[in-house]
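Q: First residue of the sequence shown? That's 5 in my numbering, and the numbers climb one at a time after it.
Have a look at the structure that comes next, please.
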Amino acid sequence: MGSPVSASQTARIVRLAARVRPEMWDAINPHGPVFATAVAAVRSPERSSEVALNPQPLPPREQLRLAVLQTVKGVAETAIGAHQGGRDAREILQAVGEDWCPPPPHPKIPWPKYWPGPWPPGEPYPIDLVDPGYATAGVQAVAGLAFQGYADGIADEKLSTFFGELADRLFGAALAAPG
5 MGSPVSASQT
15 ARIVRLAARV
25 RPEMWDAINP
35 HGPVFATAVA
45 AVRSPERSSE
55 VALNPQPLPP
65 REQLRLAVLQ
75 TVKGVAETAI
85 GAHQGGRDAR
95 EILQAVGEDW
105 CPPPPHPKIP
115 WPKYWPGPWP
125 PGEPYPIDLV
135 DPGYATAGVQ
145 AVAGLAFQGY
155 ADGIADEKLS
165 TFFGELADRL
175 FGAALAAPG
């Protein structure tokens, strides 16, 4: 295994790669150029009439990514507001870290052997088709990049350290996930 890479180094690498693919900025900064352009396009009057005529839902992965980035933005704004109000931002960010990086799950209790499963027979059940561990690591990685973007962009060193600690914790959890 190579040398350990911190969240700030990873974010720097993504920033360098974003010089070639600007849409990568949205992985670091939830309100970066691509996100802002997309929001402006949807909000423009001429674009909204096109959308109203033929609404197309976002693909599930894109919905998940946008939900993660909106959540990160809300958490960051809450932490910054708490810090400016004299409250402990670290406490808020640690609580978020505990929610997004829970301890390993306990062993599953097997479904009773002779009972039927809790879903209709013969139909694919969406819960069986999605591996939550696969999505969880992706959510942690995207959130880690976004929080590191806040850590790099904030002048207050104390608050920057808090965001960086959360980013490192999220990256560690994402990299520890199987697969």
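All residues carry an ideal CB built from backbone N, CA and C; glycine is no exception.
As the structure is a computational prediction, the values presented were derived from the model and not from experiment.
1) One question on the structure: do HIS178 and GLN152 come within less than 9 Å of each other, judged by their Cβ atoms?
2) How would you write the range of the alpha helix (DSSP H) that ASP103 sits in, first residue to last?
3) Looking only at C-alpha atoms, which of GLY101, LEU163, THR140 sits nearest to GLY90?
4) Which same chain residues end up closer than 7 Å to ARG69 when comparing Cβ atoms and leaving out the 5 residues on each side of it in sequence?
5) Of the residues GLY85, ALA139, ASP156, which one's Cα is nearest the Cα of TRP194?
6) Do ALA83 and PHE166 have their C-beta atoms closer together than 9 Å?
7) Buried or exposed: which applies to LEU97, given that a residue is buried once 16 or more other Cβ atoms fall within 10 Å of its Cβ?
8) Give me the residue from LEU73, LEU149, GLU161 with the minimum Cα distance to GLN13.
9) Given a threshold of 16 other Cβ atoms within 10 Å of its Cβ, counted over all protein chains shown, does ILE1 qualify as buried or as exposed?
A: Taking the structure as given:
1) In the sequence under discussion, the amino acid at residue 178 is Ala, which differs from the His named in the question. Not closer than 9 Å, so no.
2) 93-104
3) LEU163
4) VAL146
5) Any answer about residue 194 is impossible in this case: the structure gives the chain only from 5 up to 183.
6) Against a cut-off of 9 Å, the Cβ pair of PHE166 and ALA83 comes out as a contact.
7) buried
8) LEU149
9) This structure does not reach residue 1, given that the chain is present from 5 up to 183, and the question cannot be answered.
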